[in-house]
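First residue of the first sequence: 152, per this note's numbering; consecutive thereafter.
Ideal Cβ placement from N, Cα and C applies to all residues, glycine included.
If you're wondering where the values come from, they're calculated on a predicted model, not measured in any experiment.
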Amino acid sequence: MAQPLFRAPAGTRDILPPASARRRGLVRVFADLADRSGFSLLESPIFEELGVFQRLGANNDVVTKELFEFFDKGDPPRHLALRPELTAGVCRAFAEHRPTPPWKIWYSGPQFRYERPQAGRYRQFEQVGVETLGTDDPHADVEVVGLGVRFYEALGMRQVRLLINSLGDSESRPAYNAALAAYLQDRRGELSEQSLVTLERNPLRVLDSKREQDQPVIAEAPVMADFLSGASAEHFAAVRAGLDSLDAVYEVSPRLVRGLDYYTRTTFEFVADALDTAQNAVGGGGRYDGLVEELGGPPTPGIGFALGVDRILLACDAEDAFSGTAPPVEVFVVDVADGRSAVVLCDRLRQAGLGVDRAFDGRSMKAQMKRADRSGATVAVIVGPDEQAAGTATVRDMRPGGGQRQVAADDLVAAVTELLTGGVQ
RNA sequence: GUGGCCGUAGCUCAGUCGGUUAGAGCGCCGGGUUGUGGUCCCGGAGGUCGGGGGUUCGACUCCCCUCGGUCACCCCA
Numbered sequence: 152m153a154q155p156l157f158r159a160p161a162g163t164r165d166i167l168p169p170a171s172a173r174r175r176g177l178v179r180v181f182a183d184l185a186d187r188s189g190f191s192l193l194e195s196p197i198f199e200e201l202g203v204f205q206r207l208g209a210n211n212d213v214v215t216k217e218l219f220e221f222f223d224k225g226d227p228p229r230h231l232a233l234r235p236e237l238t239a240g241v242c243r244a245f246a247e248h249r250p251t252p253p254w255k256i257w258y259s260g261p262q263f264r265y266e267r268p269q270a271g272r273y274r275q276f277e278q279v280g281v282e283t284l285g286t287d288d289p290h291a292d293v294e295v296v297g298l299g300v301r302f303y304e305a306l307g308m309r310q311v312r313l314l315i316n317s318l319g320d321s322e323s324r325p326a327y328n329a330a331l332a333a334y335l336q337d338r339r340g341e342l343s344e345q346s347l348v349t350l351e352r353n354p355l356r357v358l359d360s361k362r363e364q365d366q367p368v369i370a371e372a373p374v375m376a377d378f379l380s381g382a383s384a385e386h387f388a389a390v391r392a393g394l395d396s397l398d399a400v401y402e403v404s405p406r407l408v409r410g411l412d413y414y415t416r417t418t419f420e421f422v423a424d425a426l427d428t429a430q431n432a433v434g435g436g437g438r439y440d441g442l443v444e445e446l447g448g449p450p451t452p453g454i455g456f457a458l459g460v461d462r463i464l465l466a467c468d469a470e471d472a473f474s475g476t477a478p479p480v481e482v483f484v485v486d487v488a489d490g491r492s493a494v495v496l497c498d499r500l501r502q503a504g505l506g507v508d509r510a511f512d513g514r515s516m517k518a519q520m521k522r523a524d525r526s527g528a529t530v531a532v533i534v535g536p537d538e539q540a541a542g543t544a545t546v547r548d549m550r551p552g553g554g555q556r557q558v559a560a561d562d563l564v565a566a567v568t569e570l571l572t573g574g575v576q
């Protein structure tokens, strides 16, 4: 074979079967959980006006360096961008439609960041998430964080750690920022070159450095907890108490900071210990009490999280969880007469609600039976010249030791159903 | 964006010091069983060795560039 003419662009990939089915299954688990918790699906555009994302923070790589931006054919052209995350779009939608709070929504879908690809880091990646807008009740925080905890549990993951912290409110945040910046300036001689650059732009982010050199400085840095206002401290305490009452295991991580600038008060992260790479954060979120207002809406508190589907699946592989779903094909129709029976029988069985597949190209019985086996079907329906002449079909139990018998075409659905529900014949 | 490593059939990999027609397992197709899968046996298709350039009598092998992947930083899910 020659070289393929095209391949998927860097950082993107085709999700082929059976991985695609497993992925869809994961999203379904999340959707069920969110639906049952009173969250409703929001489908927002995959691209937005650039300004929507610029509100995420001017000194943030996601917005400044990693955006896929483009102009449309309007006159004048609109400056648009593929969404690098989903919270901004949700807040834009809230500001635009003014739904009655609290507005609880969930979502799933692709997002785009122009980064150097790596395992668990793609230019097109998928997240599932929830947002609760219009309340700052700490119990809303508990509900959101708890939903995340239960989701990982539902997947059968055991090696996910929950880290939480409070970043304070508009009152306490500036004081902490100033203290942290002063401290870091004081010890700038010990910081790595890159951290010095980060220090100028966003002192908080220095705490996220992974370089060995920075660790001693980070370890002794002032912590937000000491700067929380009374209200913020109380809020944080209520969140922790709520998580305790759910028996949700968490670690207070006083130096946990989040990538996006809009976070206030409650912040949290889910870390997969089964992943021994740098990309081991499988989910994260927090409160963003100012974002809706930033986007021109009324002052509206909000909290939510986003969980990375790609990384979760990687982590599931690593700890052998959520292996996937059963094959949907229950019946395989084999036609070694002229093939016309298979057309009709497949339709009839499918209309009866069964999962049915078949072979094409008039292949040999052996070949078709092999296909039937590979399909995972429990039952094979066989039509040859004999059956066709007699108006019957042979129903074969494909399980080890299973037998077969001929039934009238009209009794086929009943016979197949009986086999599928009745166990080995 | 910076640096390291990797790139051989659809997949996972072997390929000696640069030396003739590049191999295996799995998968796929066909046959053994002219109506029966999962086991077994036989056979077959499938690769210009990621792409381009260079060194050399000769390159899968060495060098450069490039594309892709991967690891660390960065960023973050």
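Look at residue i and residue j and say whether their C-beta atoms are less than 7 Å apart.
i: D412; j: N211; result: yes
i: D292; j: T418; result: no
i: E470; j: Q310; result: yes
i: D434; j: G297; result: What sits at residue 434 in the sequence shown is Gly, not Asp. No.
i: Y414; j: G437; result: yes
i: A566; j: V534; result: no
i: T451; j: G285; result: yes
i: I454; j: T283; result: yes
i: A466; j: L426; result: yes
i: Y258; j: E217; result: no
i: G162; j: Y273; result: yes
i: R243; j: V295; result: no
i: A488; j: Q519; result: no
i: P235; j: Q205; result: no
i: Q278; j: A457; result: yes
i: S343; j: D377; result: no
Assuming residue i contacts residue j under a Cβ cut-off of 8 Å, what Cβ separation, rounded to an integer in Å, is found between them?
i: L588; j: E220; result: Any answer about residue 588 is impossible in this case: the structure gives the chain only from 152 up to 576.
i: P367; j: E341; result: 7 Å
i: V485; j: V532; result: 7 Å
i: S383; j: G319; result: 5 Å
i: L231; j: F198; result: 5 Å
i: V214; j: G410; result: Not a contact, Cβ separation roughly 11 Å.
i: R494; j: R501; result: Per the sequence shown, residue 494 should be read as Val rather than Arg. Actually they are not in contact, since the Cβ atoms of V494 and R501 sit about 11 Å apart, beyond 8 Å.
i: T428; j: G271; result: 6 Å
Over the uninterrupted beta strand (DSSP E) stretch that includes residue i, give me the two end residues.
i: N316; result: 311–317
i: Y258; result: 254–263
i: D377; result: Note, D377: premise wrong, no beta strand (DSSP E); not H, not E.
i: Q269; result: From DSSP, Q269 is part of no beta strand (DSSP E); its letter is neither H nor E.
i: Q555; result: 555–559
Taking DSSP as the reference, what is the three-state secondary structure of residue i?
i: G527; result: coil
i: P354; result: helix
i: G189; result: coil
i: F198; result: strand
i: I166; result: coil
i: L282; result: Note on residue identity: the sequence assigns Glu, not Leu, to residue 282. E282 falls in the strand class under three-state DSSP.
i: V214; result: helix
i: D320; result: coil
i: A161; result: coil
i: R234; result: coil
i: V368; result: helix
Could you check where the alpha helix (DSSP H) with residue i kicks off and where it finishes?
i: S492; result: 491–502
i: E247; result: 238–248
i: V577; result: No answer is possible for residue 577: the residues shown for the chain start at 152 and end at 576.
i: T545; result: Element bounds for T545: not the alpha helix (DSSP H) but the beta strand (DSSP E), 543–548.
(message) To test your reading of the DSSP string, which unbroken alpha helix (DSSP H) runs of 4 or more residues are found completely within the segment 385–458?
(response) Within the segment 385–458, the complete alpha helix (DSSP H) runs of at least 4 residues are 442–445.
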